[in-house]
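Engineer: Residue numbers (my numbering), protein chains in the order written: chain S, 3 to 138; chain L, 3 to 138; chain W, 3 to 138; chain R, 3 to 138.
Protein chains: 4
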Amino acid sequence: MTMAIDDMLRTYPADLGQVDRDRLRRCIEECAACAQACTACADSCLSEDRVTDLAKCVRTDLDCADICEATARVLSRHTGYDANVTRAQLMACATVCAACAEECERHASTHEHCRVCAESCRRCERACRELLDALG
Amino acid sequence: MTMAIDDMLRTYPADLGQVDRDRLRRCIEECAACAQACTACADSCLSEDRVTDLAKCVRTDLDCADICEATARVLSRHTGYDANVTRAQLMACATVCAACAEECERHASTHEHCRVCAESCRRCERACRELLDALG
Amino acid sequence: MTMAIDDMLRTYPADLGQVDRDRLRRCIEECAACAQACTACADSCLSEDRVTDLAKCVRTDLDCADICEATARVLSRHTGYDANVTRAQLMACATVCAACAEECERHASTHEHCRVCAESCRRCERACRELLDALG
Amino acid sequence: MTMAIDDMLRTYPADLGQVDRDRLRRCIEECAACAQACTACADSCLSEDRVTDLAKCVRTDLDCADICEATARVLSRHTGYDANVTRAQLMACATVCAACAEECERHASTHEHCRVCAESCRRCERACRELLDALG
């Protein structure tokens, strides 16, 4: 495991507040993993013979990668925490992960990269929702 | 004016749907402008004598830049449009723009970069809300 | 003109150094514009009938958008300036802009979005090279 | 381990070329990890009592996060591969990782987050250089 999320949370010099640290760490991790899977899945789609059938898949992958990365960054910051911003971004992230998972699942039986990507999206969607629940 | 948003909308090869093209263009433009202003404002804060008083401002600037850029990208795509994703991301963007404007306005009388940045955030917040209204 | 690049440069609270402010402003502006055009061009390619012929174009557009945005951010920061980092990122940006322009130019006669995008890439490439020249 | 980099490489539908897959995977992984560590380190710096002494550290962290993320994305794409673009971006990434490691190392004895972040930057710098060597 290369990501130093735990170390960075542990060495944060101020009070992290009442956040559920496990859910926070998992959500950052899943956002980073999902962004990578979506970027790679969009690229794999471009190398398939029938790209036309995958146009919507590429698009949703790209949205999902962008929103997951922005979310991972927002969640990696604790100074001057604003619950409204975190919540709104987590909701956008759960929404795009669900949409991308659904689209990738439609191609999962024919394209293995879509299957792997869909799983990553579902894990990230769940991590976002669990963190949202913990934030109240 | 360098941004080719209008040209890119005009040359999109498929149907753009019923979107209000003026509001869409303005929202993409304001997201890009706000991301730049927030990135620069965070950096200006770091060069002020009393950075400690501006820690929350830097943080909100960084969140705002990240979310605005992701939103500009989502709005620049029309293929396989998903209204739920667009709406959720626009709401997150309006939320962070309002938060960043509010924080920057607190320092606007002492730091001119905060004043300029706050204006950019308010314009972007308004553009997001107007596009949200148009999406229904 | 919405971008407040000039205002943000003018209100920077410390010394900007010997940088050529006009070239810096233009380069930030062209990076932001090119990132938007490339994001939109990739999406337009996905809505063309023969996406397969445009797979490399989509890929280069996506690389170009990512690298241009990172470059615009680096150039928007002046605190703790490191000439080596700025130079290396500007060289990467000029390289990808040239590659993307070349690829888009191959499709410019059939796809107008590629023509517009190629022009944006060429302007950004030139702005990067002119800023590199000024940095020495 | 959450990142599905290996799975995404394995399921890529076309020829990956002669790339050293281990070095590629490690480099993507280290870029993603370094981006997260730098984002979190910049935020931790903002919560330290003497932020002024850390202004350059925050700035370099932010540059490093932006450039690492762009690099991870470029490396996650294989369709229409352009060695010049990959090489230039890897060089920019190695440059900023070295600069950020150096700056963080100056504060490593007083701020543990800088120590953790410096290690992440050094690992990423090495991964970039090893991949550059393999690309020839």
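For each residue, glycine too, the CB sits at the ideal point set by N, CA and C.
Quick one: what's got a C-beta closer than 8 Å to D11(R)'s C-beta in the same chain, skipping five residues either side?
Structural biologist: According to the sequence displayed, residue 11(R) carries Leu and not Asp. Result list for L11(R): L18, R23, L26 and R27, in chain order.
Engineer: Note down, in chain order, every chain W residue with its Cβ under 8 Å from the Cβ of V60(S).
Structural biologist: Ordered by position in chain W, the residues that pass the 8 Å Cβ test against V60(S) are L48 and V60.
Engineer: Count the C-beta pairs between the segment 64-74 of chain W and the segment 32-41 of chain W that are closer than 8 Å, then say yes if the count reaches three, no if not.
Structural biologist: Segments in contact, yes.
Engineer: For D135(S), name the three-state secondary structure that DSSP assigns.
Structural biologist: It is helical.
Engineer: Could you please give the first and the last residue of the uninterrupted alpha helix (DSSP H) stretch that includes V76(S)?
Structural biologist: Residues A57 to L77.
Engineer: Are any of the Cβ atoms in chain W nearer than 9 Å to that of T88(L)?
Structural biologist: Answer no: the Cβ-Cβ gap between T88(L) and chain W never drops below 9 Å.
Engineer: Using a Cβ-Cβ distance under 9 Å, would M10(R) count as near chain W?
Structural biologist: Output row for M10(R): interface = no.
Engineer: Cα separation between D63(R) and A44(R)?
Structural biologist: Taking the straight line from one Cα to the other gives about 6 Å.
Engineer: Which chain L residues sit within Cβ distance under 7 Å of G138(S)?
Structural biologist: Within chain L, no residue comes near G138(S); the closest Cβ sits about 17 Å away, beyond 7 Å.
Engineer: Give me the chain R residues within the contact set of T54(L), using Cβ-Cβ distance strictly less than 7 Å, ordered along the chain.
Structural biologist: Under the 7 Å cutoff, chain R gives V53.
Engineer: For a quick check, are the C-beta atoms of C116(W) and H109(W) less than 9 Å apart?
Structural biologist: Closer than 9 Å, so yes.
Engineer: Please classify T4(L): does DSSP put it in a helix, a strand, or coil?
Structural biologist: Of the three classes helix, strand and coil, the one that applies to T4(L) here is coil, per DSSP.
Engineer: Going along the chain, which residues of the segment 92-112 of chain S sit with their C-beta nearer than 7 Å to a C-beta in chain R?
Structural biologist: The segment 92-112 of chain S vs chain R, Cβ under 7 Å: nothing.
Engineer: Can you give the Cα-Cα distance for V139(R) and P15(R), rounded to whole angstroms?
Structural biologist: Not covered by the structure: residue 139(R). The range shown for chain R is 3 to 138.
Engineer: Return yes when the Cβ of I30(L) is within less than 9 Å of the Cβ of L92(L), no when it is not.
Structural biologist: In this structure, I30(L) does not lie closer than 9 Å to L92(L) by Cβ.
Engineer: Whether or not the segment 74-90 of chain W and the segment 126-138 of chain W are in contact is what I'm after, with contact meaning three or more pairs of Cβ atoms, one per stretch, closer than 8 Å; do they touch?
Structural biologist: Touching, per the Cβ criterion.
Engineer: Taking the alpha carbon of T81(W) as the reference point, which residue from C36(R), D55(R), D84(R) and R79(R) has its own alpha carbon closest?
Structural biologist: The residue with the shortest Cα to Cα distance from T81(W) is D55(R).
Engineer: Can you check which of these residues, C33(S), E32(S), E50(S) and A101(S), is closest to H113(S) by C-alpha distance?
Structural biologist: Cα-wise, what sits closest to H113(S) is E50(S).
Engineer: Just checking: is the beta-carbon of T13(R) within a distance shorter than 9 Å of some beta-carbon in chain S?
Structural biologist: Chain S, which has a Cβ nearer than 9 Å to the Cβ of T13(R), makes this yes.
Engineer: Got a sec: is the Cβ-Cβ distance from I7(R) to anything in chain S below 9 Å?
Structural biologist: It does; some Cβ of chain S falls within 9 Å.
Engineer: Mind checking which residues open and close the alpha helix (DSSP H) that includes S111(L)?
Structural biologist: First-last for S111(L): undefined, no H or E at that position.
Engineer: Using a Cβ cut-off of 9 Å (strictly closer), state whether A16(W) contacts chain L.
Structural biologist: Cβ-Cβ to chain L under 9 Å: yes for A16(W).
Engineer: I'd like to check one pair, E127(W) with A103(W): are the Cβ atoms closer than 9 Å?
Structural biologist: Yes; because the gap between Cβ atoms is below 9 Å, this pair is in contact.
Engineer: Would you decide whether S122(W) is buried or exposed? Buried here means 16 or more other CB atoms lie within 10 Å of its CB.
Structural biologist: The residue is buried, with at least 16 neighbouring Cβ atoms inside 10 Å.
Engineer: For the alpha helix (DSSP H) that S46(W) lies in, which residues bound it at each end?
Structural biologist: Residues R23 to L48.
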